[in-house]
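A.B. asks: In my numbering, the protein residues as written are 306 to 622.
Even glycine gets a Cβ: it sits at the ideal position worked out from N, Cα and C.
Bear in mind that the values here come from a model prediction, so they are computed numbers and not experimental data.
(1) Along the alpha helix (DSSP H) that carries residue 521, what are the first and last residues, could you check?
(2) What span of residues does the alpha helix (DSSP H) with residue 346 cover, start to end?
(3) Could you work out which residue in 571, 494, 598 and 599 is closest to residue 348 when comparing CA atoms only?
(4) Closest to residue 473 by C-alpha separation, out of 460, 488 and 483, would be which residue?
(5) Please state whether DSSP places residue 506 in a helix, a strand or coil.
(6) Would you tell me roughly how many angstroms separate the C-alpha atoms of residue 390 and residue 519, rounded to the nearest one?
(7) Please look up how many angstroms separate the CB atoms of residue 397 and residue 323, rounded, as I've assumed it's under 8 Å.
(8) Taking only runs of the alpha helix (DSSP H) that begin and end inside the segment 419 to 502, which ones reach a length of at least 4 residues, in chain order?
(9) Which residues in the same chain as residue 512 place their Cβ atom closer than 7 Å to its Cβ, once the five residues preceding and following it in sequence are excluded?
(10) Rounded to whole angstroms, what's the CA-CA distance from residue 320 to residue 610? Just pull it up for me.
(11) Considering only their Cβ atoms, is the gap separating residue 605 from residue 328 smaller than 8 Å?
(12) Provide the residue span of the alpha helix (DSSP H) that contains residue 394, from first to last.
(13) What span of residues does the alpha helix (DSSP H) with residue 591 cover, start to end?
(14) Which stretch, first to last residue, makes up the alpha helix (DSSP H) that contains residue 369?
(15) Can you give me the start and stop residues for the alpha helix (DSSP H) that residue 566 sits inside?
(16) Assuming contact is defined by CB atoms lying nearer than 8 Å, are residue 463 and residue 578 in contact in what I supplied?
(17) Expressed to the nearest angstrom, what Euclidean distance is found between the alpha-carbon atoms of residue 595 and residue 492?
(18) Under 8 Å: do the segment 579 to 589 and the segment 531 to 543 share three or more Cβ pairs, one atom per stretch?
(19) Using a Cβ distance threshold of 8 Å, determine whether the segment 371 to 382 contacts the segment 480 to 487, with at least three qualifying pairs required.
(20) Kindly indicate which residue of 568, 600 and 467 has the alpha-carbon position closest to the one of residue 528.
(21) From the DSSP output, in three-state form, read off residue 561 for me.
(22) In angstroms with no decimal places, state the Cα-to-Cα distance between residue 360 and residue 490.
(23) Using only CA atoms, which one of 496, 451 and 597 lies nearest to residue 421?
(24) Assuming residue 330 and residue 392 are in contact, meaning their beta carbons sit under 8 Å apart, how far apart are those beta carbons, in whole angstroms?
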């Protein structure tokens with residue numbers, strides 16, 4: 306991301322971060338939505354029984370075929386609308402907050418942060434975006450799994466789903482899974498410092514700056530950092546998805562009383578593997594998604610900065 310001498314971002318910098326983040330998120334969400342659908346279903350309902358016997362190598366392809374046959378193309382893109390609605394502000398707010406916090410936490414003209422300071426910046430930005438967008442992630446999870454539950458009146462649109470959840474479950478329903486989602490801040494606390502360090506290493510290797518890295522270098526940095534962070538923090542996603550999904554329908558159907566109860570029951574019934582349901586699919590989905598998101602962000606951000614260069618801050622040193 307562009308380095309600045311001033312610690313305070315100009316309006317153009319904020320808008321460039323927000324615009325590039327929103328665009329990158331929308332592009333990535335559209336590209337990987339079918340994989341996101343089956344990942345969510347794996348997390349909530351476990352592995353499906355496929356007609357080919359469930360051969361592991363064909364699990365992802367077989368699941369996609371099964372969804373397409375039963376629910377058509379629409380089933381492959383369930384939850385895309387709330388996902389994009391969530392990702393537009395998610396990445397717009399995240400990249401803006403992250404860059405602002407990095408600017409505040411840096412103490413020299415290079416704006417290079419320690420690992421600890423970078424983790425604080427990533428965590429702070431993550432907390433803000435998680436709280437702001439959790440209701441939309443709840444809707445996304447419900448949309449992606451509603452085709453698997455009979456006797457439940459399906460949601461018709463994102464906004465009708467939000468209204469129904471508030472009516473049937475109260476405001477609390479919109480924040481189902483918030484605690485494990487906040488625990489997921491550990492994901493970005495690992496991913497972003499790792500991403501920054503890899504970019505710095507590649508820049509030094511090529512005797513250039515992080516702002517001049519090629520798209521392929523950004524892709525390498527984003528993919529490696531995503532794989533590391535996803536593998537270490539995946540169990541919280543399973544817990545979050547199960548808590549978010551269970552409110553869909555009658556209040557008497559709740560399987561889990563809370564985060565601790567969910568963790569205990571998953572461990573008792575499924576053991577450690579239960580916390581990694583859909584992990585391979587998740588990596589297959591999130592790694593290209595991260596590459597698309599970060600590479601798109603960096604390239605779009607550079608383009609926007611060239612169109613709207615930041616004006617010098619009057620109090621810049």
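C.D. replies: A quick look at the data gives this:
(1) Residue range 520 to 538 is occupied by the alpha helix (DSSP H) that includes residue 521.
(2) Looking at the DSSP string, the run of the alpha helix (DSSP H) that includes residue 346 is 316 to 350.
(3) Closest option to residue 348, Cα to Cα, is 571.
(4) If we check each option's Cα against that of residue 473, 460 comes out closest.
(5) Note: residue 506 maps to helix in three-state DSSP.
(6) Distance between residue 390 and residue 519, taken at the CA atoms: about 30 Å.
(7) Contact flag correct, Cβ pair sits at about 4 Å.
(8) Every alpha helix (DSSP H) stretch that sits fully inside the segment 419 to 502 and reaches 4 residues is listed by chain position as 420 to 450, 463 to 474, 476 to 479 and 483 to 488.
(9) In its own chain, leaving out the 5 sequence neighbours on each side, no residue places its CB closer than 7 Å to the CB of residue 512.
(10) Roughly 10 Å between the two C-alpha positions.
(11) Yes, Cβ-Cβ distance for residue 328 and residue 605 is below 8 Å.
(12) From DSSP, the alpha helix (DSSP H) with residue 394 extends over 385 to 410.
(13) Its alpha helix (DSSP H) spans residues 584 to 612.
(14) Segment 364 to 381, the alpha helix (DSSP H) holding residue 369.
(15) That run of the alpha helix (DSSP H) goes 564 to 575.
(16) No; because the gap between Cβ atoms is not below 8 Å, this pair is not in contact.
(17) If you take the alpha carbons of residue 595 and residue 492, they lie about 13 Å apart.
(18) Yes, the segment 579 to 589 touches the segment 531 to 543.
(19) Taking a cut-off of 8 Å for Cβ pairs, the segment 371 to 382 and the segment 480 to 487 do not touch, as fewer than three such pairs fall below it.
(20) Comparing Cα-Cα distances from residue 528 to each of 568, 600 and 467, the minimum goes to 600.
(21) Coil at residue 561, not helix or strand.
(22) For residue 360, the predicted model reports a pLDDT of 43, less than 50, meaning its position is unreliable and no value from the coordinates is stated.
(23) Closest option to residue 421, Cα to Cα, is 496.
(24) By a beta-carbon distance limit of 8 Å, residue 330 contacts residue 392. Their separation comes to about 3 Å.
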